[in-house]
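See structure below.
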Amino acid sequence: MNITFCCTDTKAEPWLAGLHAALPDASVEVWQPGSPQADYAVVWAPPQQFLDEQPRLKALFNIGAGVDALLQLKLPPATRVVRLDDAGMSVQMAEYVCHAVIRHFREFDGYEADVSQGKWSFRKPRSRIDFPVGVLGLGVLGERVAQALRVFEFPVHGWSRSPKTLEGVVCHNGPDRLDSFLGQCRVLVNLLPLTPETSDILNRRTLSLLKPGGYLINVARGAHLVEADLIELLDRGHLAGATLDVFRTEPLPASHPFWQHPGIRITPHTSARTLRTESIAQIVGKIAALERGEPVAGVVDPARGY
Ligand code: NDP
Ligand code: OXD
């Protein structure tokens, strides 16, 4: 079996060593223009030339959960695209989102500012009933985040395309229910895939529907958010703040207003990192299943966009 590796911005050697250790009989090589046909590919942001030269792949494993960039390319029609299905990301995402929600709810930024000025002062405790959290997207990551927020007893709502039942989570679904879902939330967490339907979904109109003093946490993709609309709603005082991990342009340009905005906390697309060991184990397990003719989780539907 031949496996080709084509991951931009990723150090190849440890991935090749890990794949080779798990599949000693396979040939595992870094792709170069003109490389021979492979059976499977492990990719992140491959060039179009790679896809054009590898038309007979049985599967293309994306070493991330989001496939929006990959689906912009012309893919070999018969090749399955398989994304990472958790592989250690959901616990990281739950940590990140709970941290952001709790930091805002408990006003830890305010305490930090007070302490830095030598002030010992208390703030009135807030009621979590007044902080319903909505999670856009109840997939692998969104469901884990919703469950983690329940542990802290926040009222939790979720929105997905198809109907869901999750214990302790008020589930809404479909475009007709988006506005009523948003109207019931004060904190909004975005965990949608980026597709033609979800692009720009966080905009002046939708974010205005959040309860006054709303808070946005965007951990999915920068192109979900109309950035100027967020700044306007923060400056108008309808939104109290935002934690953003993803941006339309990454790295965030030095001149971007988000860097200096007092209501915005930023991190450099790090909320849930790809973990090499877990990812290799998942890819190797899926190759074995596909070789046995069995179905695997995480197969992308290009028509749906995720
Ligand atoms: P999944 O595919 O498992 O879940 C996607 C969820 O979004 C599903 O619940 C789906 O609904 C819902 N959804 C999709 N389209 C719509 C729509 N038009 N209307 C309503 N709901 C919709 O994805 P993951 O949870 O694994 O990942 C989500 C995203 O998180 C990734 O696509 C990626 O962009 C981002 N991500 C960001 C990371 C970071 O470090 N910042 C790391 C990893 C991922 P249904 O269940 O009905 O299909
Ligand atoms: C992913 C990401 O999609 O890192 O996995 O954003």
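In terms of my numbering, the sequence shown opens at residue 1 and continues consecutively.
No residue lacks a Cβ here, since even glycine has one placed at the ideal position from N, Cα and C.
{"Item": "Out of P262, A26, S162, which has the shortest C-alpha to C-alpha gap to A113?", "Value": "P262"}
{"Item": "Tell me H330's beta-bridge partners as DSSP assigns them.", "Value": "This structure does not reach residue 330, given that the chain is present from 1 up to 306, and the question cannot be answered."}
{"Item": "Y40: which of G66, Q49, T79, K74 sits nearest, CA to CA?", "Value": "T79"}
{"Item": "Using the beta-carbon count (16 or more within 10 Å), is M1 buried or exposed?", "Value": "exposed"}
{"Item": "Less than 6 Å between C-beta atoms, sequence neighbours within five positions excluded: which residues of the same chain meet that for A220?", "Value": "N190, L191, L192"}
{"Item": "So is K11 buried or exposed if we call it buried at 16+ other beta carbons inside 10 Å?", "Value": "exposed"}
{"Item": "Leaving out five residues before and five after I129 in sequence, what residues of the same chain have Cβ atoms less than 8 Å from its Cβ?", "Value": "P155"}
{"Item": "Starting from the C-beta of L314, find all residues in its chain whose C-beta is less than 7 Å away, skip the five residues before and the five after it, and write them out in chain order.", "Value": "Because the chain is modelled from 1 through 306, residue 314 falls outside the range shown and cannot be assessed."}
{"Item": "Measuring alpha carbon to alpha carbon, tell me which residue in L136, R83, Q260, A223 is nearest A241.", "Value": "Looking at the sequence provided, one finds Gly at residue 241 rather than Ala. Of the listed residues, the one whose Cα sits closest to G241 is Q260."}
{"Item": "Along the chain, where does the beta strand (DSSP E) that runs through G241 open and close?", "Value": "239-244"}
{"Item": "Might you give, ordered along the chain, the residues of its own chain that have their beta carbon closer than 6 Å to the beta carbon of R144, omitting 5 neighbours on each side?", "Value": "S90, A94"}
{"Item": "Give the single residue among V133, A45, G222 whose Cα lies nearest to the Cα of P268.", "Value": "G222"}
{"Item": "Between P193 and the ligand FMN, is there a pair consisting of the residue's CB and a ligand heavy atom that are separated by less than 7 Å?", "Value": "The ligand FMN is not among the ligands present in this structure, which contains only the ligand NDP and the ligand OXD."}
{"Item": "From which residue to which residue does the alpha helix (DSSP H) around A21 run?", "Value": "12-22"}
{"Item": "When you compare only the Cα positions, how much space is there between P295 and D109?", "Value": "47 Å"}
{"Item": "Could you check if G222 belongs to the surroundings of the ligand OXD, using beta carbon to heavy atom distance under 7 Å?", "Value": "no"}
{"Item": "Report whether the distance from the Cβ of L57 to the nearest heavy atom of the ligand OXD is below 7 Å.", "Value": "no"}
{"Item": "Residues with a Cβ closer than 5 Å to any heavy atom of the ligand OXD, in chain order?", "Value": "G64, A65, G66"}
{"Item": "Among K211, L19, A26, whose alpha-carbon lies nearest the alpha-carbon of V133?", "Value": "K211"}
{"Item": "Output the residue ranges of the beta strand (DSSP E) runs that lie fully inside the segment 90-137 and measure 3 residues or longer, sorted by chain position.", "Value": "133-136"}
{"Item": "Would R83 pass as a contact of E107 if the rule is Cβ separation under 8 Å?", "Value": "no"}
{"Item": "Where does the unbroken alpha helix (DSSP H) through F181 begin, and where does it stop?", "Value": "178-183"}
{"Item": "Give the range of the alpha helix (DSSP H) segment to which F50 is assigned.", "Value": "48-53"}
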